[in-house]
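Number of protein chains: 2
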Amino acid sequence: MRTVPISDADDPRVAPYVSIRERDLAGRSDGRFIVEGKVTLSILLERSRFEIESVFIGRSRLEPLSEILAQVPPEVPVYVAPQAVMDQVAGFPIHRGVLACARKGQPFGVEKLLDAETLLVLNGISNHDNVGAAFRNAAAFGAGGVLLDEQSCDPLYRKSIRVSAGAALWLPFVQAGQGEDHITGLQSAGFDIWAMTPRTTAAELHQLKPSAKTAILLGPEGPGLEDALIDRCRPVRIAMAGGFDSINVATAGAIALAYCHATSMAGDD
Amino acid sequence: MRTVPISDADDPRVAPYVSIRERDLAGRSDGRFIVEGKVTLSILLERSRFEIESVFIGRSRLEPLSEILAQVPPEVPVYVAPQAVMDQVAGFPIHRGVLACARKGQPFGVEKLLDAETLLVLNGISNHDNVGAAFRNAAAFGAGGVLLDEQSCDPLYRKSIRVSAGAALWLPFVQAGQGEDHITGLQSAGFDIWAMTPRTTAAELHQLKPSAKTAILLGPEGPGLEDALIDRCRPVRIAMAGGFDSINVATAGAIALAYCHATSMAGDD
């Protein structure tokens with residue numbers, strides 16, 4: 116492991132870690148993303164498809180993290196700084212004292228996802244927690260990947276990665292284009308697309324039988340999917356008690372994915 | 116509507132709103148709780164079982180909120196202050212500019228819940244977001260109430276209420292005792308208790324048929340339910356993909372509740 120002591124917050128070697136929050140919110144244009152915390156670092160090292168560029172840890176964390184850090188490739192620098200210097204670089208207190216920087220690299224093309232039996236498709240999901248939770252659920256229920264439109268927020272945002280329990284680092288995803296294009300491409304590839312909606316005329320989820328290839332399509336928090344999209348797919352609702360017509364969007368996805376997974380498993384027996 | 120202008124942050128009439136965060140975290144001993152935001156205020160006024168004591172709003176919100184405020188009973192004061200005074204009282208910026216204070220009143224006894232067909236039972240849920248999400252899901256899927264042990268956190272904490280989409284204000288709940296007592300009481304009342312667990316020997320949720328009375332039991336984030344509790348109930352798992360054995364606890368509850376609701380609805384046809 117190549118540790119590099121950092122004593123000055125202006126050291127150019129830790130420049131990718133400067134003002135993390137502000138740059139995350141503005142959107143990074145340098146092709147990099149930041150990972151925070153021990154669990155996500157360990158997934159980044161063990162099973163991610165992304166190239167790690169550097170690790171940045173608080174000095175007091177060097178010893179407790181030695182097992183994970185032993186997996187850092189020898190050519191990747193592990194910057195080590197006193198906690199105060201680290202906080203000064205990042206612009207806020209890094210309580211966990213563990214950061215890493217990786218490169219997004221070449222994005223997958225949509226064809227990468229089309230062999231999957233189950234896909235999750237996110238349309239206009241603008242909340243990082245919801246995108247992260249959607250990835251966690253997609254991974255838990257064996258979806259082969261996630262397709263996101265350009266309006267949805269970035270799964271490689273620091274908080275999305277954490278909420279995804281690291282799934283955003285290894286579950287294949289493609290973020291490109293619009294819902295209209297997604298529907299055309301998925302239908303050509305043989306997917307039955309379940310557009311999740313509170314419409315009372317939609318089919319009730321638990322009475323459906325998943326097809327060999329099923330895509331679960333989730334729309335924006337608040338307004339939900341546009342009618343023009345729903346009308347091109349199979350509208351599917353989750354039965355709810357009177358007076359309620361909405362649950363959290365990632366939760367709706369979890370219910371649909373769990374049902375597809377359990378039903379297709381039962382079919383395999 | 117009785118509006119009362121407040122110009123001084125030390126005015127004793129707004130004392131219940133002083134240092135909201137600190138007092139929320141320490142736990143209030145005065146039998147009051149605070150509600151934040153327009154949607155939750157509206158539920159507090161329209162369908163909650165709690166007695167509202169006062170409303171506290173930023174001056175600029177008086178006009179846009181006039182419709183909701185018209186529902187405030189005439190004996191309840193609506194304190195109105197400049198935003199800066201309001202923030203100074205609360206101890207942090209109240210972006211939405213809407214607070215209300217209500218009394219917890221006499222708690223329900225457990226018997227209040229025992230007529231329900233479906234109950235949600237929370238054991239050691241120590242995260243306010245998860246308690247709030249669990250209430251939102253319980254309401255969406257028609258559970259008759261929520262039973263919480265003493266270790267779980269307070270559903271009337273400001274953030275829990277908000278995440279619950281206000282369900283914590285109207286869905287009956289009882290927070291008392293321990294998991295052991297809950298199991299004894301629910302079984303005496305005829306409930307089939309589904310203890311949600313990743314145990315591979317547990318029954319798979321989607322292959323079960325809910326009983327006339329079903330209770331969904333959820334355990335702490337991380338460790339999950341204790342074996343001694345699971346062994347007294349029907350262990351139920353949600354099938355997941357290899358390598359994953361855990362999803363968010365409120366999400367697990369949502370999947371089980373949605374399945375019970377859809378299955379019992381289908382049985383009613």
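Those protein sequences? They're chains R and L, same order as listed. All residue numbers in the first sequence are consecutive under the working numbering, ending with 384. All residue numbers in the second sequence are consecutive under the working numbering, ending with 384. We treat Cβ as the ideally placed atom computed from N, Cα and C, and that holds for glycine. Nothing here was measured: the structure is a model prediction, and the numbers come from that model.
Through-space distance from residue j to residue i, alpha-carbon basis
i, j, result
"R162/R", "Q186/R", "12 Å"
"I121/R", "V195/R", "6 Å"
"G200/R", "L214/R", "The sequence as given places Val at residue 200/R; Gly does not occur at that position. Rounded to whole angstroms, V200/R to L214/R spans 13 Å at the Cα level."
"L286/R", "F250/R", "8 Å"
"Y374/L", "M311/R", "16 Å"
"I167/R", "K227/L", "56 Å"
"R136/L", "A205/L", "8 Å"
"P131/L", "F207/L", "15 Å"
"R117/R", "L180/R", "14 Å"
"L301/R", "L332/R", "11 Å"
"V150/R", "L156/R", "7 Å"
"A318/R", "T378/R", "16 Å"
"D139/L", "S241/L", "14 Å"
"A381/R", "Q266/R", "36 Å"
"C348/R", "A354/R", "19 Å"
"V351/R", "H297/L", "36 Å"
"G334/L", "F256/L", "19 Å"
"S275/L", "V246/L", "6 Å"
Under the three-state DSSP convention, the category residue i falls into
i, result
"R314/R", "coil"
"S361/R", "coil"
"C348/L", "coil"
"A217/R", "strand"
"F223/R", "coil"
"F250/L", "helix"
"L323/R", "coil"
"V236/R", "strand"
"Q302/R", "helix"
"G368/L", "helix"
"I149/R", "strand"
"Q290/L", "strand"
"Y374/R", "helix"
"Q186/L", "coil"
"D126/R", "coil"
"A381/L", "helix"
"A343/L", "helix"
"I209/R", "coil"
"M201/R", "helix"
"I276/L", "helix"
"V133/L", "coil"
"E336/L", "coil"
Identity of the residues DSSP links to residue i by a beta bridge
i, result
"I308/L", "A330/L"
"Y194/L", "V119/L and F171/L"
"Q266/R", "Note: Q266/R sits in no beta bridge, so no partner."
"G260/L", "L234/L"
"E166/R", "R218/R"
Residue i versus the options, residue with shortest Cα-Cα distance
i, options, result
"G239/R", "E226/R, G292/R and R174/R", "G292/R"
"R147/R", "N363/R, Y374/R, A283/R and L271/R", "L271/R"
"L372/R", "I298/R, E232/R and R277/R", "E232/R"
"D346/L", "L159/L, D264/L, D244/L and T299/L", "T299/L"
"D123/R", "D202/R, P189/R and G305/R", "D202/R"
"G224/R", "D342/R, L263/R, Q322/R and A280/R", "L263/R"
"S326/L", "I370/L, L229/L and D307/L", "D307/L"
"L268/L", "F256/L, V289/L and N252/L", "The sequence as given places Cys at residue 268/L; Leu does not occur at that position. Among F256/L, V289/L and N252/L, the Cα nearest to that of C268/L belongs to V289/L."
"A141/L", "R273/L, V154/L, A255/L and G220/L", "R273/L"
"A254/L", "N363/R, D139/R and R143/R", "N363/R"
"V236/L", "I370/L, G260/L and D230/L", "G260/L"
"P197/L", "S279/L, K219/L and R174/L", "R174/L"
"R164/R", "A283/R, S134/R, V154/R and S275/R", "A283/R"
"H376/L", "E336/L, K324/L and A354/L", "K324/L"
"R218/L", "D230/L, R143/L and G305/L", "R143/L"
"P188/R", "D230/R, E178/R, R176/R and L159/R", "L159/R"
"I209/R", "L184/R, E182/R and S134/R", "S134/R"
"G220/L", "D145/L, G357/L and A258/L", "D145/L"
"T329/L", "V278/L, A304/L, D244/L and V119/L", "A304/L"
"S361/R", "G281/L, E190/L and D230/L", "G281/L"
Near the ligand MG: residue i beta-carbon under 7 Å from a heavy atom
i, result
"M355/R", "You won't find the ligand MG in this model; it holds no ligand whatsoever."
The region 210-225 of chain L contacting the region 170-183 of chain L, beta-carbon criterion three pairs below 8 Å: yes
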